[in-house]
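Visitor: Below is the structure I would like to discuss, written out as structure tokens.
2 protein chains.
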Amino acid sequence: MDVMDDRAKRIVETAVALAERDGYQAVRLRDVAATAQVALGTVYKRFASKEEILIAALEQESEKLVAKIGKKPVPGSDAQERVRFVFSALTKGLLRRPNLAKALVRSLASGDPNITERVASFHGLITTMVMAAIRGETPGEPAASPVGVDGREQTVSSILQNVWFASFVGWAGGLHDAAQVLEDVDKASELLLAA
Amino acid sequence: MDVMDDRAKRIVETAVALAERDGYQAVRLRDVAATAQVALGTVYKRFASKEEILIAALEQESEKLVAKIGKKPVPGSDAQERVRFVFSALTKGLLRRPNLAKALVRSLASGDPNITERVASFHGLITTMVMAAIRGETPGEPAASPVGVDGREQTVSSILQNVWFASFVGWAGGLHDAAQVLEDVDKASELLLAA
DNA sequence: CCACAAAATAGAACATGTTTCACTTCTTTC
DNA sequence: GAAAGAAGTGAAACATGTTCTATTTTGTGG
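Chains as they are written, first to last, in this note's numbering: chain A, 1 to 195; chain B, 1001 to 1195.
And the structure:
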């Protein structure tokens, strides 16, 4: 949610474009700088590393996705259906640009301590959505009822999110295809959200 | 299980030692080569990249761990206890050398298509152990009874493994501490393996 | 408008993963 | 044991992330 000046925006946009076209390794900072019409030093004035640029991109992309998904109440007649909807939308949204998605996963899992907070915020964003889906609320709105924060729902949504993430990483590494990601989440929610 | 010649072994050992001392970035291939008393070209004759060396290390480390855990029947009077034992042993075994563990996670999640098979084999190793734990068998032994391969147990063990992996990545990224990893797995097995 | 501080720039320089090369040392085969 | 090929070696070269520096541009208070 930080305000980015024009240069920072151009840098992130360029990085997204390059990652989308040819993946992580194609995000060469010299190219980013040149394409964004900015000096390399300016890139490093804004971002501490290549990973940070990509994390900023992830933040931007996921905020867009979440905004789209979170606008309306999650459709579905039971928790399981709603959860499927949310993860499906999330997965398909990311898969629309597979190379970008892989690059973002790589940054997410890089273990760089400097980006821990951004990773946590991404995590929180999804948790919010999944919990809203379980409860049948509109993710973008504050919770209607002051439900206890430490309930089973929180645990379940954390588990589902972990399953999704691990499976998504598996997809990014070529372990299996996108359908498997949805199937993994489906099976887990079946067991955890028995209607 | 490939047979590694002396040089390859020295290379991996050196990489492990460096990763253990100071983490991923400290595994400088020039240093690895020098310490292993080998030319840089020889390193690249054996391994296609730095990631591959670390994946070989992961294979070696996880085989050691699995051998140790899988020797005896998993202790515990119900599935939940046995699963806790397995993941606890796995987690603690890896956490004995945190920097190494972080470096290995990073390689695991790197998304490099060249190491997909190794990642899959690591995945399979753990699946075997978790399923044995659920069933109360000795992981090292072939299954006593010809249980159907596609059962609920397989799904549950896959979910638990995903939860463990995602939480472990979270630990590696500084998102939370090791106790949280075990707690996440615990909560999941509580819900999935209700005694 | 002017001086000056902050920001941007071009470009060199450095660190480290990866590749290449010319040369030497093994190993194998006869 | 000598020739041929495989493997190893040291060093250079290259690619790209990151840092540094000297210079120029930009924006701001007087």
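Glycine is no exception: its CB is placed at the ideal position from the N, C-alpha and C atoms.
(1) With a Cβ-Cβ cutoff of 8 angstroms, do A:Val163 and B:Val1163 count as a contact?
(2) Answer yes or no: do A:Gly23 and A:Asn114 have a C-beta to C-beta separation smaller than 8 angstroms?
(3) Hey, which unbroken runs of the alpha helix (DSSP H) at 4 residues or more fall wholly within the region 1075-1142 of chain B?
(4) CA-CA distance, A:Ala166 and A:Ile134?
(5) Starting from the C-beta of A:His176, find all residues in its chain whose C-beta is less than 6 angstroms away, skip the five residues before and the five after it, and write them out in chain order.
(6) Between which two residues does the alpha helix (DSSP H) containing B:Gln1161 stretch?
(7) Nearest to B:Arg1007 by alpha carbon, out of B:Tyr1044, B:Gln1080, B:Glu1081 and B:Arg1118?
(8) Tell me whether A:Gln37 is buried or exposed, calling it buried when 16 or more other Cβ atoms sit within 10 Å of its Cβ.
(9) Say the cut is 7 angstroms; is the CB of A:Gly76 nearer than that to a heavy atom of the ligand SAH?
(10) Tell me the rounded alpha-carbon separation between B:Glu1013 and B:Lys1071.
(11) For the 8 angstroms Cβ check, are there 3 or more pairs between the region 174-192 of chain A and the region 1056-1070 of chain B?
(12) Can you check whether the CB of A:Gly174 is closer than 8 angstroms to the CB of B:Thr1127?
(13) Going by DSSP, what residue range makes up the alpha helix (DSSP H) through A:Val32?
(14) Among the residues of its own chain, which have a CB less than 7 angstroms from the CB of B:Leu1029, if the five just before and after it don't count?
(15) Name the residues in the region 1098-1115 of chain B whose C-beta lies less than 9 angstroms from a C-beta of chain A; which are they?
(16) For the alpha helix (DSSP H) containing A:Tyr24, list its first residue and its last residue.
(17) Going by other Cβ atoms of all chains shown within 10 Å of its Cβ, with 16 needed for buried, is B:Ser1157 buried or exposed?
(18) For A:Leu90, tell me which candidate among A:Val130, A:Arg118 and A:Asp112 has the shortest Cα-Cα distance.
(19) Given A:Thr35, which residues of its chain have a CB within under 7 angstroms of its CB, disregarding the five upstream and five downstream residues?
(20) Spatial neighbours of B:Ala1056 within its chain, please: C-beta separation below 6 angstroms, excluding the five flanking residues on both sides.
(21) Report the rounded CA-to-CA distance for A:Gly93 versus A:Glu59, giving the unit in angstroms.
(22) Could you check what DSSP says for B:Leu1193 in three-state terms: helix, strand or coil?
(23) Measure the beta-carbon distance from A:Asp103 to A:Ala194 and round it to whole angstroms, keeping in mind my assumption that it falls under 8 angstroms.
(24) How far does the alpha helix (DSSP H) with B:Ser1062 in it extend, from its first residue to its last?
(25) Would you verify that the beta carbon of B:Thr1133 is, or is not, closer than 8 angstroms to some beta carbon of chain A?
(26) With respect to the alpha helix (DSSP H) encompassing A:Val43, which residues constitute its N-terminal and C-terminal limits?
(27) Find out if the Cβ-Cβ distance for the pair B:Gly1124, A:Arg106 is shorter than 8 angstroms.
(28) Compute the Euclidean distance between the alpha carbons of A:Asp78 and A:Asp31, then round it to the nearest angstrom.
(29) Where does B:Leu1175 sit, in a helix, a strand or coil, going by DSSP?
(30) Report yes if the CB atom of A:Ile159 is closer than 8 angstroms to the CB atom of A:Leu192, and no otherwise.
(31) Look at the alpha carbon of B:Gly947 and the alpha carbon of B:Thr1155, and state the distance between them as a whole number of angstroms.
(32) How about A:Glu190 and A:Gln25: are their beta carbons less than 8 angstroms apart?
(33) Excluding the 5 residues flanking B:Val1016 on each side, which residues of the same chain have their C-beta closer than 7 angstroms to its C-beta?
(34) By the 10 Å Cβ neighbour count, where 16 or more other Cβ atoms means buried, how is B:Ala1188 classified, buried or exposed?
(35) Only counting the same chain, and skipping five residues up and downstream in sequence, which positions put a Cβ closer than 6 angstroms to that of B:Phe1087?
(36) Against A:Thr14, what residues of chain B qualify as contacts under a CB-to-CB distance less than 7 angstroms, listed in chain order?
Guide: In short:
(1) The answer is yes: Cβ separation under 8 angstroms.
(2) Cβ distance not < 8 angstroms, so A:Gly23 and A:Asn114 don't count as in contact.
(3) 1079-1095, 1098-1108 and 1116-1135
(4) So the alpha carbons of these two residues sit roughly 20 angstroms apart.
(5) Gly170
(6) Arg1152 to Ala1172 is the extent of the alpha helix (DSSP H) around B:Gln1161.
(7) Cα-wise, what sits closest to B:Arg1007 is B:Tyr1044.
(8) Exposed: under 16 other Cβ atoms inside 10 Å.
(9) Judged by which ligands are present, the structure shown has none, so any question about the ligand SAH falls away.
(10) 24 angstroms
(11) Put simply, the region 174-192 of chain A does not touch the region 1056-1070 of chain B. Fewer than three CB pairs are less than 8 angstroms apart.
(12) no
(13) Leu29 to Thr35
(14) Only Leu1040, Val1043 and Lys1050 meet the Cβ criterion.
(15) Lys1102, Ala1103, Val1105, Arg1106, Leu1108, Ala1109, Ser1110, Gly1111, Asp1112, Pro1113 and Ile1115
(16) Neither: A:Tyr24 is in no alpha helix (DSSP H) and is coded neither H nor E.
(17) The residue in question, B:Ser1157, is buried, as its Cβ has 16 or more Cβ neighbours within 10 Å.
(18) A:Val130
(19) Answer for A:Thr35: Thr14, listed in chain order.
(20) Val1012
(21) 14 angstroms
(22) coil
(23) Looking at the sequence itself, residue 103 of chain A is Ala, so the reference to Asp does not match. Contact flag wrong, Cβ pair sits at about 37 angstroms.
(24) Its alpha helix (DSSP H) spans residues Lys1050 to Gly1070.
(25) The question names Thr, but residue 1133 of chain B is Ala in the sequence shown. With 8 angstroms as the cut-off, B:Ala1133 does not count as an interface residue toward chain A.
(26) It spans Leu40 to Arg46 - the alpha helix (DSSP H) in which A:Val43 sits, taken as one unbroken run.
(27) no
(28) 48 angstroms
(29) Coil.
(30) Yes, Cβ-Cβ distance for A:Ile159 and A:Leu192 is below 8 angstroms.
(31) Residue 947 of chain B lies beyond the stretch modelled for chain B, which goes from 1001 to 1195, so this question has no answer here.
(32) no
(33) Ala1057 and Leu1100
(34) buried
(35) Trp1164 and Val1185
(36) Listed by position along chain B, the residues whose Cβ is nearer than 7 angstroms to that of A:Thr14 form an empty set, because the closest Cβ is around 21 angstroms away.
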